[in-house]
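Read the structure below first, then the notes.
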Amino acid sequence: MSIAFYPSKGLVCYGSEQASVKAGMNTAFPGAVDELGTSRGDIDADVLRLDLDDLGGEIMCLDWGGKAFRSPAVSLPHRHLVEHVLMKGSVKVVLVQESKTTTQRAQLFHRMTRLSRNPLIKMLAEESKDLVLSDINDIPRACQAIQDDWDSNQTGKSMNRLTAYNLSCCLRKRLEMHLNGPVHNRAVDILLTGCEVSLWLAEQFATDLQKAFPRLRTKAISSNKLLGLYGQELAVPSIGFPYSPRTYDLNDAIVVIVSHSGGTFAPLACSNLLQSTTKNIFVVTSEWDTQIGKQLRTMDGLMDASWDHLFSSRIFSTEVGMRPAEPCSVTVAATQQLLTNLFQYISAVILSDERFRQVVAATISEQDLRILEKCNRENIAALSDIVGVNECGFAIKKQISAEIDLRKAGNLWAEHVLENAKAYIMTFVYIFVTVVSGYPLIYAISYACGLDDTSNFVHLIRVLDAAIYFWLPQINVALLRLFQSRELLHRMGCRTVAIADIPWVAQSAEAFLSKIFACSYSIAGINVLSGNPNDHFVHRHTHRVVRGALVLCGRPDGRLSALATAEATVCLSVNQASSIQSLGGTCESITVGHNPFKLPLTKFGIFLKSNRPQFLCERMLVEKDAEGKRNEDDLAPSPVDQSLQCEGVKNFTQDGQERHSELNMALSSSVHLLPQKTRSASALLGAYTNIAEQADRNRGCNGSSEHSSIDEVLYSAIQERSWSNEGKKLFEALDVNSDGLLSEDEVIDGLYRLETLFLEDHTRAMFKVADGNSSGHVDFDEFLKLLDLADIDGDIKVPSASRDERGNIRIEPSHEEYFGETLRKFNAGKTQNNVEFRLARSQHFSQELYESRIASLQ
Numbered sequence: 001m002s003i004a005f006y007p008s009k010g011l012v013c014y015g016s017e018q019a020s021v022k023a024g025m026n027t028a029f030p031g032a033v034d035e036l037g038t039s040r041g042d043i044d045a046d047v048l049r050l051d052l053d054d055l056g057g058e059i060m061c062l063d064w065g066g067k068a069f070r071s072p073a074v075s076l077p078h079r080h081l082v083e084h085v086l087m088k089g090s091v092k093v094v095l096v097q098e099s100k101t102t103t104q105r106a107q108l109f110h111r112m113t114r115l116s117r118n119p120l121i122k123m124l125a126e127e128s129k130d131l132v133l134s135d136i137n138d139i140p141r142a143c144q145a146i147q148d149d150w151d152s153n154q155t156g157k158s159m160n161r162l163t164a165y166n167l168s169c170c171l172r173k174r175l176e177m178h179l180n181g182p183v184h185n186r187a188v189d190i191l192l193t194g195c196e197v198s199l200w201l202a203e204q205f206a207t208d209l210q211k212a213f214p215r216l217r218t219k220a221i222s223s224n225k226l227l228g229l230y231g232q233e234l235a236v237p238s239i240g241f242p243y244s245p246r247t248y249d250l251n252d253a254i255v256v257i258v259s260h261s262g263g264t265f266a267p268l269a270c271s272n273l274l275q276s277t278t279k280n281i282f283v284v285t286s287e288w289d290t291q292i293g294k295q296l297r298t299m300d301g302l303m304d305a306s307w308d309h310l311f312s313s314r315i316f317s318t319e320v321g322m323r324p325a326e327p328c329s330v331t332v333a334a335t336q337q338l339l340t341n342l343f344q345y346i347s348a349v350i351l352s353d354e355r356f357r358q359v360v361a362a363t364i365s366e367q368d369l370r371i372l373e374k375c376n377r378e379n380i381a382a383l384s385d386i387v388g389v390n391e392c393g394f395a396i397k398k399q400i401s402a403e404i405d406l407r408k409a410g411n412l413w414a415e416h417v418l419e420n421a422k423a424y425i426m427t428f429v430y431i432f433v434t435v436v437s438g439y440p441l442i443y444a445i446s447y448a449c450g451l452d453d454t455s456n457f458v459h460l461i462r463v464l465d466a467a468i469y470f471w472l473p474q475i476n477v478a479l480l481r482l483f484q485s486r487e488l489l490h491r492m493g494c495r496t497v498a499i500a501d502i503p504w505v506a507q508s509a510e511a512f513l514s515k516i517f518a519c520s521y522s523i524a525g526i527n528v529l530s531g532n533p534n535d536h537f538v539h540r541h542t543h544r545v546v547r548g549a550l551v552l553c554g555r556p557d558g559r560l561s562a563l564a565t566a567e568a569t570v571c572l573s574v575n576q577a578s579s580i581q582s583l584g585g586t587c588e589s590i591t592v593g594h595n596p597f598k599l600p601l602t603k604f605g606i607f608l609k610s611n612r613p614q615f616l617c618e619r620m621l622v623e624k625d626a627e628g629k630r631n632e633d634d635l636a637p638s639p640v641d642q643s644l645q646c647e648g649v650k651n652f653t654q655d656g657q658e659r660h661s662e663l664n665m666a667l668s669s670s671v672h673l674l675p676q677k678t679r680s681a682s683a684l685l686g687a688y689t690n691i692a693e694q695a696d697r698n699r700g701c702n703g704s705s706e707h708s709s710i711d712e713v714l715y716s717a718i719q720e721r722s723w724s725n726e727g728k729k730l731f732e733a734l735d736v737n738s739d740g741l742l743s744e745d746e747v748i749d750g751l752y753r754l755e756t757l758f759l760e761d762h763t764r765a766m767f768k769v770a771d772g773n774s775s776g777h778v779d780f781d782e783f784l785k786l787l788d789l790a791d792i793d794g795d796i797k798v799p800s801a802s803r804d805e806r807g808n809i810r811i812e813p814s815h816e817e818y819f820g821e822t823l824r825k826f827n828a829g830k831t832q833n834n835v836e837f838r839l840a841r842s843q844h845f846s847q848e849l850y851e852s853r854i855a856s857l858q
């Protein structure tokens with residue numbers, strides 16, 4: 001419970017939500033005097049808020065009638081309690097709590113939060129006739145503001161960057177524990193928790209973090225489950241989930257609580273509960289001033305009362321503030337945006353230290369971060385095109401195809417949902433008019449034609465009018481569909497909307513849509529379902545597909561080689577649902593994605609603008625299309641063909657670089673003449689499969705000699721991961737003295753002879769991790785562990801990362817014309833025919849990150 005005091009307005013507000021008591025700040029009262037403008041030093045006129053101690057069972061007695069009534073406001077047993085005078089002496093406050101101990105300060109003034117003249121306090125948003133639309137229009141601005149706040153130029157004044165620094169200190173300390181000795185296998189390094197939408201976003205963040213750092217144990221658990229396990233005297237068992245007090249060790253874990261409101265019961269309770277287990281607790285919320293933030297600041301005060309709490313900041317804020325609209329839109333987008341920036345920051349911290357990179361077996365690279373940062377920045381323009389409002393809050397005047405298609409599809413589905421209500425009104429009007437007038441439709445026509453009541457056909461006419469009354473709702477629905485040119489064979493009744501996408505998108509969209517219709521009349525309501533088209537959508541929901549069911553599916557960008565199979569699977573699920581027919585009718589499906597190919601069985605295909613450079617795999621397809629076009633036209637061999645046919649030097653020489661530069665210029669001049677070819681999901685999958693098979697054939701031709709060299713053995717082992725066979729040959733090749741053990745010098749000299757990219761310090765760090773008993777030698781099993789730690793992709797050369805003066809990696813966007821352009825230049829002199837495919841495959845993880853962090857948000 002929070003209480004706000006407005007001395008200038010003579011107002012006291014109280015409520016269970018902290019943001020609610022700020023309502024008086026936006027309201028002008030008759031006769032109120034703005035005393036804040038008279039003197040900047042007059043703190044008595046400031047608006048103050050007091051938060052009661054929920055855990056201690058604290059209550060408050062407010063007395064503003066002391067001058068008129070001389071009797072004390074409190075009962076005799078409590079008259080020893082201290083009376084606090086507030087609002088310039090007009091209100092007396094008496095506090096009492098049930099608990100014998102308290103975490104609150106004794107001085108009341110030190111417990112108060114100043115709401116006025118406080119840059120950390122956000123005002124309530126302005127009122128709007130359409131709160132949901134206002135939130136959607138605010139998405140580009142909110143995401144742009146978060147990106148600007150995380151910019152390196154804001155280091156000295158960004159609270160989020162300060163909080164990120166504090167989190168990095170905890171992360172480094174945690175990783176040092178891994179380096180200094182084995183950590184318990186039940187120990188959790190990073191724990192994310194929340195409820196509903198916040199939890200779904202946290203789960204996606206934890207998934208991406210776990211993929212990027214496989215040995216960094218990251219978990220996302222519902223706050224309700226944590227309370228059930230650790231917050232009860234008798235634990236509530238999590239049936240169906242692998243959670244129990246003995247499953248995970250949360251001691252000194254880094255906990256990130258995701259809660260937009262900052263006051264949801266379960267996350268708020270976890271912020272208190274977990275303080276006995278770890279002090280490394282952070283929160284992702286909508287603003288600095290939330291209940292969870294207050295609890296974390298109180299924890300810092302108990303740890304060291306002399307330290308300024310601002311410097312130990314634990315609050316990541318999206319700065320969107322409290323949003324009164326129940327359906328979540330801008331809050332979801334802003335939280336996803338902030339978590340993306342946080343993911344980049346954590347990755348940069350780990351990759352900046354070679355020891356940390358090895359201990360967590362990092363699969364993400366500096367190139368992946370550059371690509372993600374570029375896509376992240378370009379995402380603002382994509383979001384603006386979708387909502388029709390730019391990052392400054394101004395409407396975009398030009399017509400955007402994506403926005404037009406979205407509104408067109410929305411209007412069509414709105415007519416589907418509203419047809420019952422419209423038919424109900426039409427039925428009411430017909431019955432009211434015909435009954436009052438006494439002239440039903442058929443009777444009125446017959447009467448106009450001269451038929452009277454004595455005719456032998458009068459009973460037949462009455463039967464026809466009775467039939468019209470009976471089927472009138474269906475008749476009106478059919479008339480509406482004919483007039484609006486909509487499908488006639490759809491079932492008549494409540495519509496069902498099935499949303500198919502990756503988990504966090506599908507569940508968030510389901511919550512958004514169902515909350516919009518939460519207060520609708522049953523005649524204009526809908527049923528909302530969701531599922532994952534790559535997993536259980538077909539099994540869970542295709543039996544519910546009937547004529548008139550509405551299916552909305554998000555398609556991954558199958559133009560990327562890492563996502564081609566995912567899009568093919570999604571398209572298969574949609575086609576299977578859309579092919580279920582009854583009386584010649586089926587469901588009405590709409591797909592939303594970036595690959596501009598419409599599925600034949602769908603009603604609409606809404607295609608979003610990519611707003612990003614091409615990946616190398618896309619570039620390769622464009623180049624192959626251009627080459628095929630030239631072959632079809634029987635053109636003479638061009639400089640491109642000559643460059644592609646020449647067998648270059650084996651070493652990375654200046655001559656090889658010049659030839660590759662000429663090839664790039666020739667390719668660019670021809671590729672730009674052709675737009676990117678539109679392909680279906682199956683065609684894209686087939687094209688990339690052909691490229692992979694061609695690379696395998698080339699590799700087989702190159703490695704057909706009877707006696708394998710060290711380079712060939714390493715290449716085969718790395719690509720196939722056949723450590724038990726090829727690794728044995730490599731081990732024997734490096735074992736110069738044939739003693740069955742490899743020394744540190746033998747490993748370093750061997751990798752140097754192979755011309756790998758690892759520096760000596762890098763190799764020594766890997767050797768130290770692999771040499772578990774610190775004997776100075778590794779046997780075959782430990783050598784396999786070293787190969788697993790290396791995780792190198794053949795002999796591909798990559799550009800060095802940009803670092804600051806302290807050696808930390810800078811997160812800078814890629815400035816390439818297409819992602820992988822620099823990689824091509826660095827590997828210009830390669831003789832392997834499949835090097836281009838391996839370069840493209842090295843971008844698979846960055847493509848997955850683009851889909852989960854950027855494209856899914858769109």
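As numbered in the UniProt record's numbering, residues 1 to 858 make up the sequence shown, in order.
Even for Gly, the Cβ is constructed at its ideal location relative to N, Cα and C.
Original post:
What number of angstroms, rounded off, separates the C-alpha of S709 from the C-alpha of N631?
Top reply: Legend: pLDDT at S709 = 48, less than 50; position of this residue unreliable, value from coordinates given subsequently. Rounded to the nearest angstrom, the gap between the Cα atoms of S709 and N631 is 38 Å.
Subject >> Nearest candidate by alpha-carbon position, reference S8, set F29, V21, G750 >> reply: Taking only the C-alpha atoms, the option nearest S8 is F29.
Original post:
L529 to R540, Cα distance in whole Å?
Top reply: If you take the alpha carbons of L529 and R540, they lie about 10 Å apart.
**OP:** Over the uninterrupted beta strand (DSSP E) stretch that includes R544, give me the two end residues.
**Re:** Taken as a continuous stretch (DSSP letters only), R544 belongs to no beta strand (DSSP E), as it is neither H nor E.
Subject >> Exposure label - C392; buried when at least 16 CB within 10 Å >> reply: By the 16-neighbour rule on beta-carbons within 10 angstroms, C392 is exposed.
Original post:
How would you call M87, buried or exposed, if buried means at least 16 neighbouring beta carbons within 10 angstroms?
Top reply: With 16 or more other CB atoms across the displayed protein chains lying within 10 angstroms of its CB, M87 is buried.
Original post:
Is it right to say E836 is buried, meaning 16 or more other beta carbons lie within 10 angstroms of its own, or is it exposed?
Top reply: Buried, by the Cβ-count rule.
Original post:
Is I164 near Y345, with beta carbons less than 7 Å apart?
Top reply: Going by the sequence as given, residue 164 is Ala instead of Ile. Against a cut-off of 7 Å, the Cβ pair of Y345 and A164 comes out as a contact.
Subject >> C-beta atoms of M112 and L52 nearer than 7 Å >> reply: No.
Original post:
Are the region 184-191 and the region 247-254 touching, with three or more C-beta to C-beta distances below 8 Å?
Top reply: As far as the Cβ criterion goes, the region 184-191 touches the region 247-254, which means the pair count is three or higher.
Subject >> First through last residue of the alpha helix (DSSP H) which encompasses D149 >> reply: Following the DSSP letters along the chain, one finds D149 inside the alpha helix (DSSP H) bounded by residues 139-149.
Original post:
Is I809 closer than 7 Å to L351 when the C-beta atoms are compared?
Top reply: It is a contact, given that the beta carbons lie within the stated cut-off.
Subject >> Endpoints, the beta strand (DSSP E) within which D289 is located >> reply: Taken as a continuous stretch (DSSP letters only), D289 belongs to no beta strand (DSSP E), as it is neither H nor E.
**OP:** Give the straight-line distance between the Cα atoms of E510 and A500, rounded to the nearest whole angstrom.
**Re:** Put simply, the backbone Cα of E510 is about 10 Å away from that of A500.
Original post:
Taking only runs of the alpha helix (DSSP H) that begin and end inside the region 359-395, which ones reach a length of at least 4 residues, in chain order?
Top reply: 366-387, all fully within the region 359-395.
Original post:
The alpha helix (DSSP H) spanning S401 covers which residue range?
Top reply: For S401, the enclosing alpha helix (DSSP H) starts and ends at 401-437.
Original post:
In or out: G820 buried (at least 16 other Cβ within 10 Å) or exposed?
Top reply: So G820 ends up on the buried side.
Original post:
Which parts of the region 87-143 are runs of the alpha helix (DSSP H), unbroken and 4 residues or longer, counting only runs that do not cross its ends?
Top reply: The qualifying runs are 108-111, 131-137.
**OP:** Take A442 and list the residues in its own chain whose beta-carbon comes closer than 6 Å to its own, dropping the five residues that flank it on each side.
**Re:** Strictly speaking, residue 442 in this sequence is Ile, with Ala absent from that position. Here I442 has I461, L464, D465 as same chain residues with Cβ atoms under 6 Å from its own Cβ, once five neighbours each way along the sequence are excluded.
Original post:
Counting pairs of beta carbons, one from the region 540-551 and one from the region 511-520, are three or more of them closer than 8 Å?
Top reply: Counting C-beta pairs closer than 8 Å gives fewer than three between the region 540-551 and the region 511-520, which falls short of the contact rule.
Subject >> Rounded straight-line distance, which links the Cα of I136 to that of V332 >> reply: I136 has its alpha-carbon roughly 10 Å from the corresponding atom of V332.
Original post:
Quick one: what's got a C-beta closer than 6 Å to L849's C-beta in the same chain, skipping five residues either side?
Top reply: Once the five neighbours on either side are set aside, the close Cβ partners of L849 are L372.
Subject >> Element boundaries [alpha helix (DSSP H), containing R161] >> reply: Here the alpha helix (DSSP H) through R161 covers 159-180.
Subject >> the region 167-178 in contact with the region 252-263 per 3-pair CB rule at 8 Å >> reply: Contact between the region 167-178 and the region 252-263 is present, because at least three Cβ pairs lie under 8 Å.
Original post:
Which value, in whole angstroms, describes the spacing of the CA atoms of D149 and A381?
Top reply: Rounded to whole angstroms, D149 to A381 spans 18 Å at the Cα level.
**OP:** Specify whether the region 288-298 and the region 107-122 touch according to this definition: at least 3 beta carbon pairs, one from each stretch, less than 8 Å apart.
**Re:** Under the 8 Å Cβ criterion, the region 288-298 counts as touching the region 107-122, having at least three qualifying pairs.
Original post:
So what's N527 in DSSP terms, helix, strand or just coil?
Top reply: In this structure, N527 counts as strand in the three-state DSSP scheme.
Original post:
If we ignore side chains and look at the alpha-carbon of each, how far apart do Q507 and T427 end up?
Top reply: Distance between Q507 and T427, taken at the CA atoms: about 37 Å.
Original post:
In whole angstroms, what separates the C-alpha of Q847 from that of N411?
Top reply: If I take the Cα positions, the gap works out to 33 Å.
Subject >> Cβ-Cβ distance between N611 and E378 below 7 Å >> reply: Less than 7 Å divides the Cβ of N611 from the Cβ of E378.
Original post:
Starting from S2 and walking both ways along the beta strand (DSSP E), at which residues does that stretch end?
Top reply: Per DSSP, S2 belongs to the beta strand (DSSP E) from 2-6.
Subject >> Simplified DSSP state of T496, which is helix, strand or coil >> reply: If DSSP states are grouped into helix, strand and coil, T496 belongs with the strands.
Original post:
Is DSSP giving G605 helix, strand or coil here?
Top reply: In the structure shown, G605 adopts extended strand secondary structure according to DSSP, grouped into three states.
**OP:** Consult DSSP for K768 and reduce its assignment to one of helix, strand or coil.
**Re:** Correct three-state label for K768: helix.
**OP:** Starting from L742, follow its DSSP beta bridges and name the residues at the other end.
**Re:** Paired residues: V778.
**OP:** Counting only the same chain and skipping the five closest in sequence on each side, list residues whose C-beta sits under 6 Å from that of A19.
**Re:** In the same chain as A19, and ignoring 5 residues on each side of it, the C-beta atoms closer than 6 Å to its own belong to M322, in chain order.
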